[in-house]
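A short worksheet on the structure shown next.
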Amino acid sequence: MTTTDNPPQSDTEADTTEVPLSDAGNPIGFGRMLRKEDARFLRGQGNYVDDVRLPGMLTGVILRAPMAHARINSIDTSAAEAVDGVHAVLTGETLEGVGLSWMPTLSNDTQSVLVTDKVRFQGQEVAFVIADDEYIAQDAAQRIVVDYEPLPAVADAKQALADDAPLIRDDVEGRTDNKIYDWEAGNKDETDRAFADADVVVRQEMLYPRTHPAPMETCGSVAHMDPVTGKLVIWTTTQAPHAHRTLYALVAGLPEHKIQVISPDIGGGFGNKVGIYPGYVCSVVGSIVTGKPVKWMEDRAGNLMSTSFARDYHMTGEIASTADGTITGLRVDVLADHGAFNGVAQPTKYPAGFFHIFTGSYDYGAAHCNVRAVYTNKAPGGVAYACSFRITEAVYLVERMVDCLADELDMDPAELRMKNLLQPEQFPYTTPTGWEYDSGDYPRALQKALDMAGYEALRDEQADVRAAYDNGESTMLMGIGLSFFTEGVGAGPRKHMDILGLGMADGCELRIHPTGKAILRISVQSQGQGHETTFAQIVSQELGIPPEDIEVVHGDTDNTPFGLGTYGSRSTPVSGAAAAVVSHRIRDKARIIAATALECDPDDLEWEPGRWFVRGAPEQGQTIQETAFAAHGSLELPEGVEGHLDAQTVYNPPNLTYPFGAYICVTDVDTATGEVKVRRFIAVDDCGPRINPMIVEGQVHGGLADGIGMALMEVMAFDRDGNHLGGSFMDYLLPTSMECPSWELGETVTPSPHHPIGVKGVGESATVGSPPAVVNSVLDAIGVRHADMPLTPAAVWRAMQGSPLRTDLAIE
Amino acid sequence: MEVTITVNGTAVTRDVEPRMLLVHFVRDELGLTGTHWACDTTNCGACTLWVDDTPVKSCTMLAVMADGHTVRTVEDLDTGGQLNPLQEGFMQEHGLQCGFCTPGMLMTGQWLLDRDPDPDEATIREAISGNLCRCTGYENIVRAVRWAAEHGNGEAEATDDDASADVETSDEVTA
Ligand code: FES
Ligand code: FES
Numbered sequence: 002m003t004t005t006d007n008p009p010q011s012d013t014e015a016d017t018t019e020v021p022l023s024d025a026g027n028p029i030g031f032g033r034m035l036r037k038e039d040a041r042f043l044r045g046q047g048n049y050v051d052d053v054r055l056p057g058m059l060t061g062v063i064l065r066a067p068m069a070h071a072r073i074n075s076i077d078t079s080a081a082e083a084v085d086g087v088h089a090v091l092t093g094e095t096l097e098g099v100g101l102s103w104m105p106t107l108s109n110d111t112q113s114v115l116v117t118d119k120v121r122f123q124g125q126e127v128a129f130v131i132a133d134d135e136y137i138a139q140d141a142a143q144r145i146v147v148d149y150e151p152l153p154a155v156a157d158a159k160q161a162l163a164d165d166a167p168l169i170r171d172d173v174e175g176r177t178d179n180k181i182y183d184w185e186a187g188n189k190d191e192t193d194r195a196f197a198d199a200d201v202v203v204r205q206e207m208l209y210p211r212t213h214p215a216p217m218e219t220c221g222s223v224a225h226m227d228p229v230t231g232k233l234v235i236w237t238t239t240q241a242p243h244a245h246r247t248l249y250a251l252v253a254g255l256p257e258h259k260i261q262v263i264s265p266d267i268g269g270g271f272g273n274k275v276g277i278y279p280g281y282v283c284s285v286v287g288s289i290v291t292g293k294p295v296k297w298m299e300d301r302a303g304n305l306m307s308t309s310f311a312r313d314y315h316m317t318g319e320i321a322s323t324a325d326g327t328i329t330g331l332r333v334d335v336l337a338d339h340g341a342f343n344g345v346a347q348p349t350k351y352p353a354g355f356f357h358i359f360t361g362s363y364d365y366g367a368a369h370c371n372v373r374a375v376y377t378n379k380a381p382g383g384v385a386y387a388c389s390f391r392i393t394e395a396v397y398l399v400e401r402m403v404d405c406l407a408d409e410l411d412m413d414p415a416e417l418r419m420k421n422l423l424q425p426e427q428f429p430y431t432t433p434t435g436w437e438y439d440s441g442d443y444p445r446a447l448q449k450a451l452d453m454a455g456y457e458a459l460r461d462e463q464a465d466v467r468a469a470y471d472n473g474e475s476t477m478l479m480g481i482g483l484s485f486f487t488e489g490v491g492a493g494p495r496k497h498m499d500i501l502g503l504g505m506a507d508g509c510e511l512r513i514h515p516t517g518k519a520i521l522r523i524s525v526q527s528q529g530q531g532h533e534t535t536f537a538q539i540v541s542q543e544l545g546i547p548p549e550d551i552e553v554v555h556g557d558t559d560n561t562p563f564g565l566g567t568y569g570s571r572s573t574p575v576s577g578a579a580a581a582v583v584s585h586r587i588r589d590k591a592r593i594i595a596a597t598a599l600e601c602d603p604d605d606l607e608w609e610p611g612r613w614f615v616r617g618a619p620e621q622g623q624t625i626q627e628t629a630f631a632a633h634g635s636l637e638l639p640e641g642v643e644g645h646l647d648a649q650t651v652y653n654p655p656n657l658t659y660p661f662g663a664y665i666c667v668t669d670v671d672t673a674t675g676e677v678k679v680r681r682f683i684a685v686d687d688c689g690p691r692i693n694p695m696i697v698e699g700q701v702h703g704g705l706a707d708g709i710g711m712a713l714m715e716v717m718a719f720d721r722d723g724n725h726l727g728g729s730f731m732d733y734l735l736p737t738s739m740e741c742p743s744w745e746l747g748e749t750v751t752p753s754p755h756h757p758i759g760v761k762g763v764g765e766s767a768t769v770g771s772p773p774a775v776v777n778s779v780l781d782a783i784g785v786r787h788a789d790m791p792l793t794p795a796a797v798w799r800a801m802q803g804s805p806l807r808t809d810l811a812i813e
Numbered sequence: 034m035e036v037t038i039t040v041n042g043t044a045v046t047r048d049v050e051p052r053m054l055l056v057h058f059v060r061d062e063l064g065l066t067g068t069h070w071a072c073d074t075t076n077c078g079a080c081t082l083w084v085d086d087t088p089v090k091s092c093t094m095l096a097v098m099a100d101g102h103t104v105r106t107v108e109d110l111d112t113g114g115q116l117n118p119l120q121e122g123f124m125q126e127h128g129l130q131c132g133f134c135t136p137g138m139l140m141t142g143q144w145l146l147d148r149d150p151d152p153d154e155a156t157i158r159e160a161i162s163g164n165l166c167r168c169t170g171y172e173n174i175v176r177a178v179r180w181a182a183e184h185g186n187g188e189a190e191a192t193d194d195d196a197s198a199d200v201e202t203s204d205e206v207t208a
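Sequence order for the protein chains is A and B.
Per the working numbering, the very first residue in the first sequence carries number 2; after that it's consecutive.
Per the working numbering, the very first residue in the second sequence carries number 34; after that it's consecutive.
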């Protein structure tokens with residue numbers, strides 16, 4: 002890597018037409034622009050939830066269960082209540098009194114807020130102590146005496162449906178087993194036929210282990226119920242402030258107009274901050290009970306052990322092909338571990354999220370999947386960690402299966418992919434499971450990645466390395482792994498997608514002030530994606546107003562329109578479209594006002610960035626700023642045209658957008674230790690036009706690091722009693738600067754045909770696409786068909802010995 | 034217990050509990066919320082600040098241990114509102130996204146630059162290896178430090194001929 006200059010990192014094919022610059026040097030429209038939000042973060046002036054300080058504020062801490070499955074016989078809080086500085090201790094019993102001991106989950110299940118009957122996972126919330134400060138609250142929490150009666154736990158999803166498996170959800174009337182649902186997609190008969198006719202069938206079991214998004218900032222909230230006005234203000238770590246407001250109203254029976262949810266600066270989300278957690282509810286109840294603001298910030302153990310995990314999919318894939326490597330079918334059977342409550346955040350209609358996009362980027366007619374979900378004695382959650390509603394699992398499955406097939410056929414994995422990729426002329430393409438991919442040129446992206454990598458030279462080098470190893474001259478092996486992914490993001494069309502009955506459309510409001518400066522109010526919430534910059538750029542692109550003149554307001558339900566928030570890479574595809582639509586409305590209105598001022602017909606005007614002018618007489622025109630002033634002035638407007646220059650919209654996406662990409666990972670594996678070093682990572686992404694290439698590349702970098710983490714380091718394992726073995730950063734390992742290589746990025750640009758500005762969303766692409774590339778690379782190096790993530794030195798070593806490690810359970 | 038600590042050039046005296054962590058002292062007693070907290074186990078580095086010119090994970094030090102010492106936090110990096118070269122480098126190279134790890138990264142990065150005004154990529158990666166970032170994949174942080182090295186990291190000149198001093202990771206110095 003050259004760090005000595007400031008290179009454009011992309012091998013770009015984007016339109017390089019000069020973008021005009023504003024007086025402040027920013028692009029008027031799309032282009033590389035430094036972020037507006039940086040100034041405060043760099044000075045330590047960010048305002049995260051833990052930075053919120055209110056007069057008289059108290060602090061709450063949660064007492065968590067030490068075991069995974071246990072009946073609670075009694076809880077004695079008297080010693081805790083006697084501690085000086087303690088204001089209240091909440092238990093399940095207290096909450097039961099106000100009907101809040103259980104709450105609905107985002108999947109229409111229920112989840113205990115504070116335990117009333119029995120503990121169902123280790124780390125579950127048992128009591129909430131409110132005190133003057135955290136030190137006192139922690140002291141008091143230790144004085145709570147809980148009488149637990151341990152029960153046998155279900156730690157292994159594969160045992161959850163055994164006849165003698167302990168029943169986890171005995172709170173649900175009539176329930177006799179641990180099954181949540183059985184769900185299928187695709188055409189089973191056609192798929193069976195394709196397999197019956199196939200020359201080659203390869204079957205492989207694989208686990209996408211339980212991982213955790215682990216944003217640097219943990220979850221927390223400050224709740225303040227004003228006893229006089231009856232208004233509840235909640236500063237909280239949420240990716241979806243509006244959805245939270247509505248849920249608080251529905252759950253707690255509070256009037257929605259008296260609830261204000263403020264999501265200030267958020268220290269990373271990655272799906273971890275979509276749901277409502279017991280701690281949030283406790284801080285609200287705590288504020289009602291004490292009449293004072295109550296803050297709750299979870300510690301890292303609480304974050305890792307109790308909040309939304311990701312994956313935990315046991316998958317058995319089968320791929321069918323002709324003898325020459327034309328793929329003819331794919332089927333998969335999934336056992337999904339959802340933990341003790343079904344708390345998955347995803348559109349209602351799709352219990353397994355978007356997993357049934359598992360046919361991936363290839364052309365074959367027949368596919369079928371069956372997903373069976375079970376309860377276990379583990380934390381609830383399941384859609385988190387930048388997964389695009391389980392497309393991560395789907396992409397991993399198909400990209401591993403393709404490599405397994407390549408291994409079976411003894412065919413180069415790049416060649417096999419190239420042979421089966423969808424072709425550009427097939428778009429829009431409807432997959433065997435019903436997704437309509439909007440646009441793509443897959444072979445071009447893969448070819449680009451191969452060229453950037455110098456694929457053939459790498460294969461030659463690999464052969465040399467292998468020869469030296471075979472001769473006993475070296476312990477090193479080298480791997481080259483590929484993956485090609487297609488994501489579906491921007492959920493979603495209202496008629497297909499809702500969460501708990503709330504449609505996934507997003508509102509947006511734009512006002513142009515008399516002096517031509519603008520304020521844009523959006524429904525989505527940044528957790529680091531840089532919305533204050535990119536959304537200003539969208540408006541700037543469409544209206545020609547310099548981005549520094551556009552203020553973006555987000556994360557405050559009293560001051561922004563309703564919408565479902567930022568996750569599933571939906572901000573740009575949905576809310577970004579809304580921002581473009583309101584800008585177009587302003588432009589249309591400006592045309593009428595400008596025509597009135599110029600005393601001509603609106604049809605005689607033409608638009609150039611920032612200005613309407615008279616066709617054929619370009620000197621006669623009005624800048625958008627002049628029009629804004631006129632709109633607020635005394636100019637007599639035509640019948641039916643209101644003054645001012647404001648617009649609003651609600652954007653209901655007609656379809657998802659489908660970003661895609663081709664990734665190549667080069668690894669060096671020390672066979673003596675099992676240690677893997679990622680030497681190179683080449684990522685070609687196509688997310689349509691890039692609003693701010695710098696930010697897009699940053700999003701990709703972060704996702705690639707996630708991929709290395711999941712493939713090589715991150716796992717939340719359990720022992721047979723359900724004890725969590727990943728409850729700290731000493732056990733749940735995140736990639737550091739040492740594990741990450743210098744990323745090599747490239748791009749192709751295929752606009753979405755149905756999005757107003759063609760953009761597709763990119764936040765999760767790299768997290769989705771990179772894990773299979775890393776795993777494929779390591780397995781390519783050691784010549785083993787499959788081993789499960791994370792490929793720690795121990796797992797690699799064991800795979801080479803022919804006895805792969807089960808990475809999710811410490812039961813050996 | 035009464036402690037007097039010189040924080041960002043100003044001596045402050047407070048009566049604190051002996052068990053109060055330094056990170057809570059700067060955040061809660063002094064309201065300097067730029068220093069963050071993100072783990073229970075001294076792994077993340079979000080709480081990194083300087084004690085007597087050495088980066089320290091302030092979640093793993095008691096406030097009373099800093100009695101009589103100097104502390105420097107991220108709030109002290111700019112001068113008269115002007116970003117210093119490293120802060121500017123983070124902005125120029127998009128070295129931050131959510132910003133949560135950033136104060137710790139800046140304090141570690143600045144310490145490195147003060148000792149090694151021209152660090153190469155490997156040196157930078159090792160120096161920041163005790164600071165976790167979940168957003169950036171580290172590349173742009175490395176570039177940000179390089180940017181500062183190339184754009185007059187003013188404090189480098191001020192350092193004596195110590196420029197070749199051993200570069201330890203922040204983990205080691207706080208151990
Ligand atoms: S808070 Fe994580 S190292 Fe200090
Ligand atoms: S910028 Fe978010 S953790 Fe580093």
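Cβ coordinates follow ideal geometry from the N, Cα and C atoms, glycine included.
Note that the structure is predicted; figures quoted are calculated from it, not measured.
In the DSSP assignment, what are the bridge partners of residue i?
i, result
"Ser307(A)", "According to DSSP, which records beta bridges pairwise, Ser307(A) is partnered with nothing at all."
"Gly187(A)", "His369(A)"
"Ile481(A)", "Val667(A)"
"Trp83(B)", "Pro88(B), Arg105(B)"
Specify, as a first and last residue, the run of the beta strand (DSSP E) that residue i falls within.
i, result
"Thr237(A)", "233 to 237"
"Leu64(A)", "59 to 65"
"Gly122(B)", "Per DSSP, Gly122(B) belongs to no beta strand (DSSP E); it is in the alpha helix (DSSP H), 118 to 125."
"Cys666(A)", "661 to 671"
At a cut-off of 8 Å, is residue i close to ligand 1 when judged by its beta-carbon and the heavy atoms of the ligand?
i, result
"His69(B)", "yes"
"Lys90(B)", "yes"
"Cys741(A)", "no"
"Ala215(A)", "no"
"Ala598(A)", "no"
"Cys77(B)", "yes"
With a threshold of 8 Å, establish whether the CB of residue i neighbours any heavy atom of ligand 2.
i, result
"Leu165(B)", "yes"
"Pro764(A)", "First, the amino acid is wrong: residue 764(A) is Gly here, not Pro. Not under cutoff, so the answer is no."
"Gly842(A)", "With chain A represented from 2 up to 813, any question about residue 842(A) goes unanswered, as that position is not in the structure."
"Met124(B)", "no"
"Phe730(A)", "no"
Kindly indicate if chain B contains any beta-carbon less than 9 Å away from that of residue i.
i, result
"Met217(A)", "yes"
"Val779(A)", "no"
"His702(A)", "yes"
"Ser743(A)", "yes"
Just to confirm the assignment, what range does the alpha helix (DSSP H) spanning residue i have?
i, result
"Leu521(A)", "Run containing Leu521(A): none in the alpha helix (DSSP H); it sits in the beta strand (DSSP E), 519 to 523."
"Glu394(A)", "392 to 410"
Measuring only between beta-carbons, confirm whether residue i sits less than 9 Å from chain A.
i, result
"Leu146(B)", "no"
"Asp100(B)", "no"
"Pro88(B)", "no"
"Val104(B)", "no"
The segment 709 to 741 of chain A: positions lying closer than 7 Å to chain B by Cβ: Ser729, Phe730, Met731, Leu735, Thr737, Ser738, Met739, Cys741
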